[in-house]
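Numbering (the numbering used here), first residue to last: 544 to 694.
Structure representation (structure tokens):
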């Protein structure tokens with residue numbers, strides 16, 4: 544991980560977003576309203592590239608995790624994103640996953656620091672919802688603390 548990471552303010556951090564659907568799109572809009580231009584990648588929308596997103600310090604993964612009653616959540620989109628992230632990044636999972644997923648990803652990809660930041664958005668009001676939340680996350684395995692309050 545970049546040793547200068549702790550010294551950077553949010554405005555100086557390079558933000559990446561993998562998956563620019565409802566959640567990733569609302570996150571993109573939020574950062575842009577704050578004067579931050581995130582690096583974007585969405586394979587399905589032919590938007591940006593993983594190479595561009597790899598220039599980020601923090602990468603938000605906002606990809607689908609389809610649910611099957613017999614198999615549970617399909618994490619293949621998250622896995623594909625993690626496999627393509629180079630270097631040591633802070634990776635924030637915003638996709639719907641079961642408890643323990645972040646810890647499993649941390650063990651599998653120890654070069655990164657994983658956080659889970661669940662989304663509480665309604666599709667009709669996603670841009671508004673993302674602007675007015677307060678969530679504190681602590682990643683058990685990495686010890687990283689994430690506090691988000693309309694910042």
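Note that CB positions come from ideal geometry on N, CA and C, so glycine has one too.
Residue i, DSSP secondary structure in three states
i           : result
residue 605 : coil
residue 628 : coil
residue 648 : helix
residue 594 : helix
residue 562 : coil
residue 570 : helix
residue 599 : coil
residue 580 : coil
First and last residue of the uninterrupted alpha helix (DSSP H) at residue i
i           : result
residue 586 : Taken as a continuous stretch (DSSP letters only), residue 586 belongs to no alpha helix (DSSP H), as it is neither H nor E.
For residue i, the first and last residue of its enclosing beta strand (DSSP E)
i           : result
residue 618 : No beta strand (DSSP E) holds residue 618; DSSP gives it neither H nor E.
residue 640 : Per DSSP, residue 640 belongs to no beta strand (DSSP E) and is neither H nor E.
Strand pairing of residue i, partner residues [DSSP]
i           : result
residue 658 : 635
residue 611 : 615
Close Cβ partners of residue i (< 6 Å) along its chain, the five nearest in sequence each way excluded
i           : result
residue 607 : 620
residue 642 : none
residue 612 : none
7 Å CB neighbourhood of residue i in its chain, flanking five on each side removed
i           : result
residue 563 : 571, 583, 585, 588 and 590
residue 610 : 616
Other residues of its chain near residue i: CB distance less than 8 Å, five sequence neighbours each side excluded
i           : result
residue 598 : 557, 559 and 582
residue 625 : 604, 634, 648, 651, 652 and 655
task: Decide yes or no for the touch test of the segment 608-619 against the segment 570-582: beta carbon pairs closer than 8 Å, at least 3 of them.
output: The segment 608-619 is not in contact with the segment 570-582.
- prompt: Is the segment 637-653 close to the segment 588-597, with three or more CB pairs under 8 Å?
  reply: no
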